[in-house]
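Position one of the sequence shown corresponds to residue 24 (the numbering used here), numbered consecutively onward.
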Amino acid sequence: MRHHPTRSRHGRAGDEIWVATGVYTGVQSHQSITQHLTISQSLTIRGGYTNLFDSPPDPQANPTILDAAGLGRVIVVSENSHVTLIGLQLHNGTAGSHNGGGLYAENATLTISHTTFLHNQAEFGGGLYMLSGHLVLQNSQFSHNSARLGGGGARLYGGTAVLSHNTFLSNTAGLNGGGLSLTAGQSSLQHNQFMNNSVTSTNQGWGGGLHLSSGNATLSSNDFHNNQAHTGGGLRLFQSQATLEANLFTENQATMGGGLSLEADSIVTFTNNVLLDNTAVTAAALQLLHTQDSLAHTTFAGNADGLLVHT
């Protein structure tokens, strides 16, 4: 990081680095990978400070922006690192034909909070790509990121993840998971918002807001609004086991399964969810295709074509 002050306790593993407000630019090559910042040890990076470090951090008043300017990824986290990122903004990262434009991590333990991913792009995981490891993601925003294939905002493959109070806004993917793509692994999602995300493929695009495949997940009190895809406008589950409780699906659009689509031997418990004003050519609210489902206390209202069930 360049051109603005930082403060660190000796810069050793386990330390905390404070970063002042400003726009940090420039990229570097490390092990044939180009990125703005490589993190190869366990530490905490906290943004949102004034240049004098004379008050508590405030990321909104004192934005700390790491900008790769389309020249490479923003951050790469090395394997086996324990990294915490707080109060940062990751802008304009690109991974080209690789994964994780904003941030790439593999087999790491990663905690991210109050952090924004903006205008990043990649093959998978425009904003964030994480392979295995453990992720805690909270109070963060993914906005206007894109992936050529899956996970416009983020893609998580394997491992475990806990996501709470995040916003996925206006992200796009070519094939699945406009906002978020989860493949394998075990995930818990609570109080997240998926709004205005889309999958651009007109023939086989899946999961405008969220795509879950071959995994286990618990989703509670999430809001899916105005997402678009060919199948599963708000959400698509494929060969997965999931519990969905108290989620809201409104004004999502698809050719099949406007609100959501549950498919291919998925096992789903579906309780106290609300599906309102979703649209589709077939199954505006909910599409069930070859699944084992338990539906209870679910509200359907204003959906143009109701429910389709294929057993």
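For each residue, glycine too, the CB sits at the ideal point set by N, CA and C. Computed from a prediction, not measured in an experiment: that's the story for all the values here.
Original post:
Is the beta carbon of N326 sitting closer than 8 Å to the one on L298?
Top reply: Yes, these two residues count as a Cβ contact at 8 Å.
**OP:** Taking 8 Å as the cut-off, decide whether the C-beta atoms of I109 and S136 are in contact.
**Re:** Yes, Cβ-Cβ distance for I109 and S136 is below 8 Å.
Original post:
Taking one C-beta from the region 80–88 and one from the region 96–107 each time, how about it: are there three or more such pairs within less than 8 Å?
Top reply: The region 80–88 vs the region 96–107: no contact.
Subject >> Presumed contact (8 Å Cβ cut-off) between H214 and S187, rounded CB distance >> reply: Indeed, because the Cβ distance is near 6 Å, the residues count as touching under 8 Å.
**OP:** Give every residue of the same chain whose Cβ lies closer than 6 Å to the Cβ of S155, excluding the five residues on either side of it in the sequence, and list them in chain order.
**Re:** Excluding positions up to five away in sequence, the list reads N130, G181, G182.
Subject >> Member of N226, L192, T61, Q164 whose CA lies at the smallest distance from the CA of L198 >> reply: When each option's Cα is compared against that of L198, the closest is N226.
**OP:** Go through the region 74–121 residue by residue and report every complete run of the beta strand (DSSP E) that reaches 3 residues or more, in order.
**Re:** Counting only runs of at least 3 residues, the region 74–121 fully encloses the following beta strand (DSSP E) elements, listed from N- to C-terminal order: 87–90, 96–100, 105–109, 112–114.
**OP:** State yes or no: is the C-beta of T7 within less than 8 Å of the C-beta of T241?
**Re:** The structure shown does not extend to residue 7, since the chain is modelled only from 24 through 334, so no value can be given for it.
Original post:
Are Y152 and I88 touching if we call contact CB-CB under 8 Å?
Top reply: Note that the C-beta distance between Y152 and I88 is not below 8 Å.
Subject >> Exposed unless 16 or more other CB atoms sit within 10 angstroms - verdict on E146 >> reply: Classification of E146: buried, given that the 10 Å Cβ count is 16 or more.
Subject >> Among T134, A128, N115, A303, the one whose alpha carbon lies nearest that of Q144 >> reply: Restricting attention to T134, A128, N115, A303, the CA atom closest to the CA of Q144 is found in N115.
**OP:** Would you mind stating whether H10 and S193 have Cβ atoms separated by less than 8 Å?
**Re:** The first residue shown for the chain is 24 and the last is 334, placing residue 10 beyond what the model contains.
Original post:
Is DSSP giving L160 helix, strand or coil here?
Top reply: DSSP places L160 in strand when its eight states are reduced to three.
**OP:** Under 6 Å Cβ to Cβ from E268, same chain only, skipping five residues before and after it: list those, please.
**Re:** Answer for E268: S243, T294, N295, listed in chain order.
**OP:** Inspect the beta-carbon positions of N340 and Q209 and report whether they are closer than 8 Å.
**Re:** Because the chain in this structure spans residues 24 to 334, residue 340 falls outside the shown range and cannot be described.
Original post:
Excluding five sequence neighbours on each side, which residues of the same chain lie with their C-beta closer than 6 Å to the C-beta of G256?
Top reply: Cβ within range, chain order: G231, N250, N275, Q276, A277, G281.
Original post:
Leaving out the 5 sequence neighbours to the left and right, which residues in its chain are closer than 7 Å to A308 when beta-carbon positions are compared?
Top reply: Contacts found: G281, G282, L298, N301, F323, N326, G329, L330.
**OP:** Would you identify the three-state DSSP class for Q209, choosing helix, strand or coil?
**Re:** Reduced to three states, the DSSP call for Q209 is strand.
Original post:
From which residue to which residue does the beta strand (DSSP E) around S284 run?
Top reply: First-last of the beta strand (DSSP E) with S284: 283–286.
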